[in-house]
Amino acid sequence: MKKNLLYLSLALLTTTVACKKNSDTPAQKMISSVIFASANSTDSIAYVYNTDGTLLADEYFEGSYQSANFYQYNSGKLTMVTSSDGNTDINRTSDTTDIVYDNGGKIVKVIKRNQGIYDTLVYNPQGNPVKVYTVNPGQLNNSRVDSLVWDAKGNVTAVYSQSLFATDQYVDNYTYDNSPTPYASINGQARLVYYLINSFPQAISASNLTKETESSAAYGISYSSSYSYVYGSDGFPLNAGITGSDVGTLRYNYIQR
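Anchor point for the sequence shown: position 6 equals 9 in the numbering used here, and the numbering is continuous, going up by one each time.
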């Protein structure tokens with residue numbers, strides 16, 4: 004199963020520390036988990052929030068395997084993410100990601116401290132990332148640049164992934180519906196870092212993925228999956244059927260804050 008599908012999907016095994024706002028303030032709908040079910044397995048990701056609504060953790064479950072990312076803030080600004088591999092214990096983390104900002108408050112560099120890998124970002128005038136350079140000083144042949152294409156609605160419609168030291172290229176193309184994405188409830192800084200960690204373009208897009216195609220002329224591969232949604236009265240997706248290279252269902256769960 005493709006990695007970005009696993010992060011599209013993710014067993015509802017979490018509690019949230021988020022609470023409702025004052026009764027005079029309209030409640031905000033926030034994604035709490037996404038569950039992917041196929042003929043062979045059920046995988047899930049759960050989202051946990053701080054009391055101010057910022058993302059505290061995402062927890063991933065695939066059979067007996069589990070992992071998590073924990074988001075840490077300083078004066079309201081996301082500064083670090085600690086990750087665990089094989090568990091969801093914040094005291095047993097395996098990697099630390101540092102977040103670097105420019106003077107205008109944009110994230111310009113993300114450093115995976117333990118791995119020595121770092122991402123640098125370039126933005127368009129609208130403030131959307133259009134280039135992500137991933138550099139691995141220890142293995143430069145694994146370094147690459149991802150070029151993101153955006154539409155006028157705020158969706159990532161294509162990602163061109165090119166090795167910095169070879170000619171091979173992967174192309175991912177995406178189409179969307181016109182309904183709001185559940186991932187908009189994740190605060191902006193964490194939402195971008197979540198995308199960078201998980202390579203999951205829908206996390207930073209405005210709407211819901213209806214089709215994705217991955218291809219590489221150099222390697223002669225092509226994968227394509229389509230998504231058909233059932234929506235709630237507010238337009239947010241409740242579940243989806245998946246056909247094509249990946250086959251299964253998604254179920255979206257929410258909380259009100």
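Where is the CB? At the ideal position from N, CA and C, for every residue including glycine.
- In terms of CA proximity to Asn158, Ala206 leads the group Ala40, Ala206, Tyr76, Thr99.
- For Ile102, same chain residues with a beta-carbon under 7 angstroms away, outside a window of 5 residues either side, are Leu81, Thr82, Met83, Ile110, Val113, Val196 in chain order.
- Where Arg147 is concerned, there is no enclosing alpha helix (DSSP H), although the beta strand (DSSP E) around it starts and stops at 147–153.
- Residue state for Gln129 is assigned as coil, using DSSP reduced to three classes.
- Distance from the CA of Pro183 to the CA of Ala169, rounded to the nearest whole angstrom, comes to 38 angstroms.
- Considering only Arg116, Gln129, Ser70, Gln75, the residue with the shortest C-alpha distance to Arg95 is Ser70.
- Tyr255 is the residue among Tyr222, Tyr255, Asn139, Ser97 whose C-alpha sits nearest the C-alpha of Tyr234.
- Residues of the same chain with a CB within less than 7 angstroms of the CB of Gly66, apart from the 5 flanking positions on each side, are Ser44 in chain order.
- Taking 4 residues as the shortest admissible run, the stretch 162–213 contains the following complete alpha helix (DSSP H) segments, listed from N- to C-terminal end: 191–201.
- Of all alpha-carbon atoms in Ala49, Pro240, Ser228, Ile258, the one lying nearest the alpha-carbon of Gly251 is that of Ser228.
- Out of Gly56, Asp105, Thr99, Ser248, the CA that lies nearest to the CA of Gln259 is found in Gly56.
- Taking Asn127 as the centre and dropping the five residues before and after it, the same chain places the C-beta of Val133 closer than 6 angstroms to its C-beta, in chain order.
- The Cβ-Cβ distance between Ala49 and Ser36 falls below 8 angstroms.
- A residue is called buried once 16 or more other Cβ atoms fall within 10 Å of its Cβ, and Asn72 is buried on that count.
- Judged by beta-carbon spacing, Arg116 lies within the 8 angstroms limit of Thr100, meaning their Cβ atoms are closer than that value.
- Shown here, Asn117 sits in coil according to DSSP, grouped into three states, outside any helix or strand.
- Here Val148 is actually not in contact with Thr160; their C-beta atoms are around 18 angstroms apart, not less than 8 angstroms.
- Bounds of any beta strand (DSSP E) do not take in Asn139, whose DSSP letter is neither H nor E.
- As computed with DSSP, Lys32 is found in a beta bridge with Gln259.
- Burial check for Ala193: the Cβ neighbour count within 10 Å reaches 16 or more, so the residue is buried.
- Within a 10 Å sphere around the beta-carbon of Val162 sit 16 or more other beta-carbons, which makes this residue buried.
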